[in-house]
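Visitor: Sharing a structure, written as structure tokens. Questions coming.
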Amino acid sequence: MRNLYKYFILLLFLTFSIKAFSEDNLFKKRLKEAKKGDFVVFEYNKLYSTLSVFEIDTENNSVILEEITIPKESFDKKMSFRNWMEKKANGHTSWTMYEIDLDENKIIDTYSVSRNCFIDLKDQISITAKLLDLDLNKLLDRDRKKIGPPLSSGEVDRRAFWQPMKYIDGKRIKRAKFDV
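The following block contains the structure:
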């Protein structure tokens, strides 16, 4: 169940990074300002997954995102994720690229680098494609998960909000804030 929870967090990120492309969306604005090679790493179900910006086409208002996955025990901890990706992601188990139309919020093409072929999402059930259709709303603080045991009735809740760990270039960012 815990691994499923970690996988769900990754799916939420993908949802925000793919679905949340309305003009007033902060993520979309940041994505348009992103540079080739900007990336984020997730750990879930004993896997590491990188999601990086491969290309941004401002003329056609589209982006190509690259997702690379490797089992946690196969990753060389002495190497940074940036170096690993630059060295052709040795040991990866999945390498997929998604071209996304930012105007229509739809996946244009999907290519599997691992299998060296295009993937037709029209004939397959794709979580990424399904995530494009989700309507997500920001959680209110009262609905967010908190750290610690449940409170006794009548007790004032002073528990801190749960926040995932955030690392930038291998360095942990203390007290990182996330929108949920």
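Sequential numbering of the sequence shown, starting at 3, is according to my numbering. Even glycine gets a Cβ: it sits at the ideal position worked out from N, Cα and C. Remember, predicted model here, so these are calculated numbers, not experimental data.
1. Using a 10 Å radius around the Cβ and a threshold of 16 neighbouring Cβ atoms, would you call Arg67 buried or exposed?
2. Can you name, in chain order, every residue of its own chain whose Cβ lies under 8 Å from the Cβ of Cys119, other than the five neighbours on each side?
3. Please classify Glu75: does DSSP put it in a helix, a strand, or coil?
4. Say whether the region 36 to 49 touches the region 74 to 81, bearing in mind that this needs 3 or more beta-carbon pairs closer than 8 Å, one atom from each stretch.
5. Tell me the rounded alpha-carbon separation between Asn63 and Arg161.
6. In angstroms with no decimal places, state the Cα-to-Cα distance between Leu53 and Gly93.
7. Between Val115 and the rest of its own chain, which residues show a CB-CB distance below 6 Å, the 5 nearest in sequence each way excluded?
8. Is it true that the CB of Val55 sits closer than 8 Å to the CB of Phe44?
9. Using only CA atoms, which one of Leu104, Lys176, Arg146 and Asp171 lies nearest to Phe83?
10. Per DSSP, what kind of secondary structure is Asp26 in: helix, strand or coil?
11. Between the beta-carbon of Ile102 and the beta-carbon of Ile110, is there less than 8 Å?
12. Please report how far the alpha carbon of Asp78 lies from the alpha carbon of Ser155, in whole angstroms.
13. Please classify Glu35 as buried or exposed, where buried requires at least 16 other C-beta atoms within 10 Å of its C-beta.
14. Considering only the alpha carbon of each residue, which of Thr60, Met87, Asp159 and Phe163 lies closest to Leu141?
15. Can you have a look at Ala178 and say buried or exposed, based on whether 16 or more other CB atoms are within 10 angstroms of its CB?
16. Going along the chain, which residues of its own chain have a beta-carbon closer than 7 Å to the beta-carbon of Arg117, five neighbours each way excluded?
17. Given this structure, state the Cα-to-Cα distance separating Lys168 from Phe180, to the nearest angstrom.
Guide: Reading off the structure:
1. Counting from 1 along the sequence shown, the entry for residue 67 is found at position 65. Sequence inspection shows Leu at residue 67; the Arg mentioned does not correspond to that position. That one is buried.
2. Indexing the sequence shown from 1 puts residue 119 at position 117. Tyr113, listed in sequence order.
3. Walking along the sequence shown from the start, residue 75 turns up at place 73. It is helical.
4. Segments in contact, yes.
5. Here residue 63 corresponds to residue number 61 of the sequence shown, with the count starting at 1. Here residue 161 corresponds to residue number 159 of the sequence shown, with the count starting at 1. For Asn63 and Arg161, the distance between alpha carbons rounds to 43 Å.
6. Translated into positions along the sequence shown, residue 53 becomes position 51. Translated into positions along the sequence shown, residue 93 becomes position 91. If I take the Cα positions, the gap works out to 16 Å.
7. Within the sequence shown, the letter at position 113 stands for residue 115. Cβ within range, chain order: Trp97.
8. Translated into the one-based positions of the sequence shown, residue 44 becomes position 42. Translated into the one-based positions of the sequence shown, residue 55 becomes position 53. No, the pair does not count as a contact, with Cβ atoms beyond the cut-off.
9. What you label residue 83 is simply residue 81 of the sequence shown in a count that begins at 1. Asp171 is the residue among Leu104, Lys176, Arg146 and Asp171 whose C-alpha sits nearest the C-alpha of Phe83.
10. Locating residue 26 in the sequence shown gives position 24, counting from the first residue. Here Asp26 scores only 43 on pLDDT, less than 50, and its place in the model should not be relied on; the value that follows carries that caveat. In the structure shown, Asp26 sits in coil (DSSP, three-state: anything other than H, G, I, E or B).
11. Looking up residue 102 in the sequence shown gives position 100. Looking up residue 110 in the sequence shown gives position 108. It is a contact, given that the beta carbons lie within the stated cut-off.
12. By 1-based counting over the sequence shown, the position of residue 78 is 76. By 1-based counting over the sequence shown, the position of residue 155 is 153. Between the alpha carbons of Asp78 and Ser155 lies a distance of about 48 Å.
13. Numbered from 1 along the sequence shown, position 33 holds the residue referred to as residue 35. Glu35 comes out exposed.
14. Numbered from 1 along the sequence shown, position 139 holds the residue referred to as residue 141. Of all alpha-carbon atoms in Thr60, Met87, Asp159 and Phe163, the one lying nearest the alpha-carbon of Leu141 is that of Phe163.
15. Here residue 178 corresponds to residue number 176 of the sequence shown, with the count starting at 1. By the neighbour-count rule (16 or more Cβ atoms within 10 Å), Ala178 is not buried but exposed.
16. For the purposes of this step, residue 117 is identified with residue 115 of the sequence shown, where counting begins at 1. Answer for Arg117: no residue qualifies.
17. Counting from 1 along the sequence shown, the entry for residue 168 is found at position 166. Counting from 1 along the sequence shown, the entry for residue 180 is found at position 178. Their Cα atoms are separated by approximately 9 Å.
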